[in-house]
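To keep things clear, I will list the structure first and then write my remarks on it.
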Amino acid sequence: MPKNGSEHEIIYEGIPASPGIAIAPVHVIARGFSAPEIYEIAEEDVPREQERFRDALDITKRQLIELQSRLEDLAGDNESGIFEAHVMILEDKSVVDRVQAAIARRQQNAEYAFYAVMQNFLEAMRRIPDPYLRERTADIEDVAQRVLRNFSTEGDGRPQGPEDQHVLVAYDLAPSDTASMNRRHVLGFATEQGSVNSHTAILARAFGIPAVVGLDGAVIDIIALTPSILDGYTGKLILHPSAETLERYRNLTLAKEKVRSSLEAMRGAATETVDGRPLTVSANIELADELAPVKRSGAKGIGLYRTEFLLLNGEEMPDEKRQAEVYTKVAKEMAPHSVIIRTLDAGGDKLPVEPLTDPEPNPFLGWRGIRVSL
């Protein structure tokens, strides 16, 4: 919820998802998956509408494959793998057949027939008890929205924004929206939905885009082109910033850039003490998806992999096979450097949704760490 700052400032407080500062007017995107126009078609126009549907699918598939390829170059295999499931959705024969049949049976335009079929799939997915499968509705919505955009001959399947630099404000953003952002124009983004560990937030960090999530009511309340400051360090979106606030954030931006430049200059330098003793500078990570920026930084391995975030990013305790897959991937990515993996610190505030044993009076002292692993 917003609160008043100095003078006429309005401050929205959310969750910092990707560090950085952006100073620009806001551009607001309305809530995501919305119904397209519906109209009847003549029986002789059914084949043409079915062809339009196939064309939209083909265009979307090419875009996703291109996004995946670009992302592999920019951020590594971990992030680019997000779009493999998206391509599989487009290749699902049951979806394709149902849309083609709906166009013929109802004699409706292809956009609406596709929308109606996908809505039925989404409603069914939301009723599934399995939390992991329920979360996949976001992937389906992402692909569906991109296909709907591609029915038009205009655009490239991504949300259209102004050509000027801006801070993007949206109810939510799909991973493909984040990956395909024109980063010359989008200086940062804020969403009502999302989490620090969402694919969208992970991509924002990989690309160095400031981001804040969890801004309740932002899309409804905020007017487009309002001057703003997005603070990805503290999770704030400041509207109508005062002259003093602008000056403070501009100075902070300059100071951060100065530090970044000095660190960048030292990236390849030898790490040793004044008397010549070698030191190893490694990085701490919470998710395997953070490896791309770690490797770019020049870190010589992982000093601490906080594996308990495997629990916080899902609803169930990861089994041995799943843990082994993740740890192996991290070790291979960082080879020949070492990776120090912390034993699952699954206690206290980091318990899985379904604990492995009966609750203890003080879980901060008991069932955690090596006791869980053994």
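Counting the sequence shown from 1 gives a position; this note's numbering is that position plus 28.
Heads up, the beta-carbon is just placed ideally off N, CA and C, and yes, glycines get one too.
In the structure shown, Val358 adopts helical secondary structure according to DSSP, grouped into three states. In the DSSP assignment, Asp259 falls within the unbroken beta strand (DSSP E) covering 255-259.
Straight-line spacing of the CA atoms in Tyr333 and His365 works out to 14 Å.
Sequence-distant Cβ neighbours of Leu95 in its own chain, meaning closer than 7 Å and more than five residues away, are Phe111, Ser204, Ala207, Ser208. Ile248 is not bridged by DSSP to any residue. If you check the CB distance, Asp317 and Ile230 come in under 8 Å. Restricting attention to Tyr199, Ala45, Gly329, the CA atom closest to the CA of Thr308 is found in Gly329. Contact annotation, Ala138 with Phe179: C-beta distance approximately 7 Å; criterion of less than 8 Å satisfied. Setting aside the 5 residues that flank it on each side, Gln78 is surrounded in the same chain by Gln128, Ile131, each with a C-beta closer than 6 Å to its C-beta; the list follows chain order.
Taken atom to atom, the span from the alpha-carbon of Ser97 to that of His227 is near 17 Å. According to the DSSP assignment, Phe217 belongs to the beta strand (DSSP E) that extends over 214-219.
For the pair of segments examined, the region 209-217 was found not to touch the region 294-302: the number of CB pairs separated by less than 8 Å stays below three.
In this structure, the straight-line span from the alpha carbon of Arg90 to that of Val175 is close to 11 Å.
Under the three-state reduction of DSSP output, Tyr40 falls in the strand class.
Contact between Leu150 and Ile168 holds: CB atoms are separated by about 6 Å, below the 8 Å threshold. Comparing alpha carbon positions, the residue from Ala144, Gln135, Arg133 closest to Val123 is Ala144. Following the DSSP letters along the chain, one finds Tyr333 inside the beta strand (DSSP E) bounded by residues 330-334. The DSSP-derived three-state label of Glu314 is coil. Around the beta-carbon of Asp259, 16 or more other beta-carbon atoms lie within 10 Å, marking it buried.
With respect to Gly242, Ile43 sits close: the two C-beta atoms are nearer than 8 Å. Of the candidates Gln136, Arg305, Glu353, Gln136 places its Cα closest to the Cα of Arg76. The three-state secondary structure of Val302, taken from DSSP, is coil. In the same chain as Val247, and ignoring 5 residues on each side of it, the C-beta atoms closer than 8 Å to its own belong to Val56, Ile57, Ala58, Arg59, Val197, Ala198, Tyr199, Glu220, in chain order. Under the three-state reduction of DSSP, Ser180 is assigned to coil, being neither helix nor strand. Between Tyr40 and Lys360, the gap from beta carbon to beta carbon reaches 8 Å or more.
Among the bridge pairs identified by DSSP, His268 is matched with none. Under a 10 Å Cβ-count criterion, Pro306 is classified as exposed, with fewer than 16 other Cβ atoms of the shown protein chains found around its own Cβ. When rounded, the separation of the alpha-carbon atoms in Tyr261 and Val224 is 12 Å. Sequence-distant partners of Lys121 (beyond 5 residues in either direction) whose C-beta falls short of 6 Å from its own C-beta are missing from its chain. Per the DSSP secondary-structure output, Ala239 pairs in a beta bridge with Ser46, Phe217. Distances from the CA of Leu372 to each of Ala352, Met362, Arg288, Ala52 were compared; the closest alpha carbon is that of Ala352.
The continuous alpha helix (DSSP H) containing His114 extends over residues 112-118. If you look at Ile69, you'll find it isn't in any alpha helix (DSSP H); DSSP assigns it neither H nor E. Taking 8 Å as the cut-off, the beta carbon of Ala234 is found no closer than this to the beta carbon of Ala327. C-alpha of Ala283 to C-alpha of Arg82: approximately 52 Å in a straight line.
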